[in-house]
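Only one structure is covered here, and it is reproduced in the block below.
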Amino acid sequence: MDLRSQFVSTASALVDSDPRVAVVLAEISADQFAGASATHPDRVLNVGIREQLMVSMAGGLALAGLRPIAHSFGAFVIERAWEQVKLDLDHQDVGAILVGAYGSYDWAEGGRTHQSPGDVALIDTLSDWVVHVPGHPAELDAQLRSAAADDTRVYLRIGGRSNPEAFPTHHDAWSVLRQGSAGTVVAVGPTLRNTLPAVSGLDVTVLYAPTVRPFDADTLRSTLRTPRIVMVEPYLAGTSAAHVARALADLDHRQLGLGVTDPDPHRYGTLADHDRLHGLDPRSLRQLISGFLIP
Amino acid sequence: MKSRTTSGYGELGRLMGLLTGDEKHGPSATSTLDVIWVLYDRILSITPATVDDPARDRFVLSKGHGPIAYYAVLAAKGFLGEDQLAGLASYDSRLGHHPDRLLVPGVEFSSGSLGHGLPASVGMAHGLLVRGIGARVICLIGDAEFDEGSNSEAVVYAGGIGLANLTAVVIDNQSSSHGWSGGIGRRFAVEGWLVHEIDGRDHEAIAAAFLSTAPDAPTAVVARVEPKG
Chain Y
1456 MDLRSQFVST ASALVDSDPR VAVVLAEISA DQFAGASATH PDRVLNVGIR EQLMVSMAGG
1516 LALAGLRPIA HSFGAFVIER AWEQVKLDLD HQDVGAILVG AYGSYDWAEG GRTHQSPGDV
1576 ALIDTLSDWV VHVPGHPAEL DAQLRSAAAD DTRVYLRIGG RSNPEAFPTH HDAWSVLRQG
1636 SAGTVVAVGP TLRNTLPAVS GLDVTVLYAP TVRPFDADTL RSTLRTPRIV MVEPYLAGTS
1696 AAHVARALAD LDHRQLGLGV TDPDPHRYGT LADHDRLHGL DPRSLRQLIS GFLIP
Chain X
15 MKSRTTSGYG ELGRLMGLLT GDEKHGPSAT STLDVIWVLY DRILSITPAT VDDPARDRFV
75 LSKGHGPIAY YAVLAAKGFL GEDQLAGLAS YDSRLGHHPD RLLVPGVEFS SGSLGHGLPA
135 SVGMAHGLLV RGIGARVICL IGDAEFDEGS NSEAVVYAGG IGLANLTAVV IDNQSSSHGW
195 SGGIGRRFAV EGWLVHEIDG RDHEAIAAAF LSTAPDAPTA VVARVEPKG
């Protein structure tokens, strides 16, 4: 099962089991939710191609005591409806789960209009958001279930090819995959798939982060041997740079942010083409990481 | 907080004076005054004691600009103490030029940027239905605020699903630069809303409009007041 199908499956199960949960859609994925909608027409809502309304309604549903899940492509749920995210959720101090699909360039053939490499950077201009970047359907399932059970503001970012192995955690902590002495590589969500072969044989610590906000500074610090950090993120390169700098503020350190470079390269192609374009394929990653950590 | 008292319509001018330091207020400051007064005096099931009751009616002031009349009514009805009216929008005041639900008891929605209240009210009204709560959501917008396209999204959708526990009230002081040919009520009527066009200063007409709703359609009340000067 891919990440997006897992989202539909888990969200549909949650609508079934939790009378607080309501899914709000703006046409995208409405077909996949047809079954849940037939069973729960009052809590699986398709408002048509109206993303502003979708996000504002999520705010209103939360104000009425429900737990809304609003979903579209990341470009539309976060960027098109940005003021609604900012004012109708954050400013009202109510919670919701926003779910953005297509990651940064999952549909590279579709071009810039359907890509959202800036979504996490935008969320970072607000406070108190949880940002999940699952790299495996089992992680997404656990994250969505735990998000549905509370009232926080959550962005669940669905994108990229799944990793072969899942690392679900109960406290949004990062997994320590390897320990080494030349520095630390943090792979976020689906970037682990290309990062693991890239660091094969290198003497580095490898951490895996399916959740990036809150930023797990504790695990970064407690496993730190050499204060050199490489963040590999599936959205804009350097998005977490301020968090790394804050976590290591009392240490002389160096950091490198890898991720999406030019957000609008005016190129179509495949996901793999764009991995190479941004230096996120295994070969480019190995060159960039070893060049920085092991000069 | 000092003890709260309630006072009548005749006190609103004095209360606005406490807020602004002026004795007189122009039409644009008071365009919403009569509608909001009638809502809190005769229509809405909400009191200072029930601001957290899930079953309360919700009033959403989407047109957050010029909230003096709103604050005055909240003070007259005891949601705010008169001692809180001085120092409007100063650092220590709860009352700013746009209301904040985290700061003012009884304020359901923080507004200011136009075009957010009605779409959020659609979610609120729907959420109350899902929870089996028979409360109303009444959202106040301005005729120029209706320029914002997000309102159109809400009008079409709420009309389409027949969201009967939602009422929009439009304060029409003809302040929209390009206007609404044939009247703003047509935009609601064509989407299946029950529409009342009334004099926004006539308390009996205001109350009658809010009490006349449909079982299967949202209600729009277009309240005409003097043109913005």
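The listed protein sequences correspond, in order, to chains Y and X. To get the numbering used here, take the position in the first sequence, counting from 1, and add 1455. To get the numbering used here, take the position in the second sequence, counting from 1, and add 14. Quick reminder that beta carbons are idealized off the backbone N, C-alpha and C, glycines included.
Cβ-based neighbour list, residue i, same chain, cut-off 7 Å, excluding 5 preceding and 5 following
i               : result
residue 15(X)   : Confidence is the limiting factor: at residue 15(X) the pLDDT is only 39, short of 50, which leaves the residue's position unreliable and the question unanswerable from this model.
residue 1461(Y) : 1592, 1595, 1596
residue 1745(Y) : 1657
residue 161(X)  : 190
residue 70(X)   : 59, 60, 64, 149
residue 17(X)   : With a pLDDT of 45 at residue 17(X), under the threshold of 50, the modelled position of this residue cannot be trusted, and the question is left open.
residue 100(X)  : 32
residue 1739(Y) : 1731
residue 1566(Y) : 1723
residue 1653(Y) : 1737, 1740, 1741, 1744
Proximal chain X residues relative to residue i, where beta-carbon distance stays under 7 Å
i               : result
residue 1502(Y) : 171
residue 1546(Y) : 124
Chain-ordered neighbours of residue i on chain Y, where CB pairs are closer than 8 Å
i              : result
residue 135(X) : 1515
residue 127(X) : 1538, 1542
residue 79(X)  : None at all; the shortest Cβ gap to chain Y is about 15 Å.
residue 232(X) : By Cβ distance, chain Y contributes nothing, its closest Cβ being about 14 Å from residue 232(X), past 8 Å.
residue 68(X)  : 1520
Residues near residue i in its chain [Cβ-Cβ closer than 8 Å; skip 5 each side]
i               : result
residue 1472(Y) : none
residue 1669(Y) : 1585, 1627
residue 1600(Y) : 1465, 1469
residue 93(X)   : 18, 62, 65, 118, 119, 120
residue 1503(Y) : 1481, 1482
residue 225(X)  : 57
Contacts that residue i makes with chain Y (C-beta to C-beta distance below 7 Å)
i              : result
residue 167(X) : 1505, 1507, 1508
residue 116(X) : 1548
residue 144(X) : 1477, 1497, 1498, 1521
residue 76(X)  : Neighbours of residue 76(X) on chain Y: none; closest Cβ ~10 Å, over 7 Å.
Enclosing alpha helix (DSSP H) for residue i [first to last residue]
i               : result
residue 137(X)  : 131-144
residue 1744(Y) : 1737-1748
residue 1672(Y) : 1672-1677
residue 88(X)   : 82-90
residue 202(X)  : 199-203
residue 1465(Y) : 1458-1472
residue 1701(Y) : 1696-1702
residue 1578(Y) : 1574-1578
residue 1563(Y) : Premise fails: residue 1563(Y) is in no alpha helix (DSSP H) and is neither H nor E.
residue 220(X)  : 217-225
residue 52(X)   : 47-52
residue 1732(Y) : 1726-1732
Listed by chain order, chain X residues near residue i by CB distance under 9 Å
i               : result
residue 1489(Y) : Result: empty, since nearest Cβ-Cβ is about 17 Å, beyond 9 Å.
Other residues of its chain near residue i: CB distance less than 6 Å, five sequence neighbours each side excluded
i               : result
residue 1590(Y) : 1618, 1644, 1645, 1647, 1665
residue 1513(Y) : 1479, 1523, 1525, 1551
residue 39(X)   : 30
residue 242(X)  : 42, 187, 189
residue 1710(Y) : 1684, 1699
residue 1516(Y) : 1477, 1523
residue 126(X)  : 78, 112
Listed by chain order, chain Y residues near residue i by CB distance under 9 Å
i              : result
residue 140(X) : 1477, 1497, 1500, 1512, 1515, 1516, 1519, 1521
residue 154(X) : Simply none; closest approach about 15 Å.
residue 111(X) : Chain Y residues near residue 111(X): none, gap ~15 Å exceeds 9 Å.
residue 229(X) : Within chain Y, no residue comes near residue 229(X); the closest Cβ sits about 17 Å away, beyond 9 Å.
residue 59(X)  : Ordered by position in chain Y, no residue passes the 9 Å Cβ test against residue 59(X), which lies about 16 Å from the chain.
Endpoints, the beta strand (DSSP E) within which residue i is located
i               : result
residue 34(X)   : Careful: residue 34(X) lies outside any beta strand (DSSP E), inside the alpha helix (DSSP H) at 26-34.
residue 44(X)   : Not the beta strand (DSSP E): residue 44(X) falls in the alpha helix (DSSP H), residues 41-44.
residue 1756(Y) : The question about residue 1756(Y) has no answer, for chain Y in this structure spans 1456 to 1750.
residue 238(X)  : 233-238
residue 211(X)  : 208-213
residue 170(X)  : Segment 163-175 is the alpha helix (DSSP H) holding residue 170(X); no beta strand (DSSP E) there.
residue 74(X)   : 72-75
residue 154(X)  : 151-156
Beta-bridge partners of residue i, as assigned by DSSP
i               : result
residue 1712(Y) : 1686(Y)
residue 67(X)   : The partner list for residue 67(X) (beta bridge, DSSP) is empty, contrary to what the question assumes.
residue 186(X)  : 238(X)
residue 1555(Y) : 1527(Y), 1612(Y)
residue 181(X)  : 152(X), 233(X)
residue 1478(Y) : 1499(Y), 1524(Y)
residue 1691(Y) : 1715(Y)
| Which runs of the beta strand (DSSP E) spanning at least 3 residues fall entirely within the stretch 1480-1549 of chain Y, listed in chain order? | 1499-1501, 1522-1528
| said: What ranges does the beta strand (DSSP E) occupy inside the stretch 1590-1667 of chain Y, keeping only unbroken runs of at least 3 residues that lie completely in it? | reply: 1608-1612, 1630-1633, 1639-1643, 1660-1664, all fully within the stretch 1590-1667 of chain Y.
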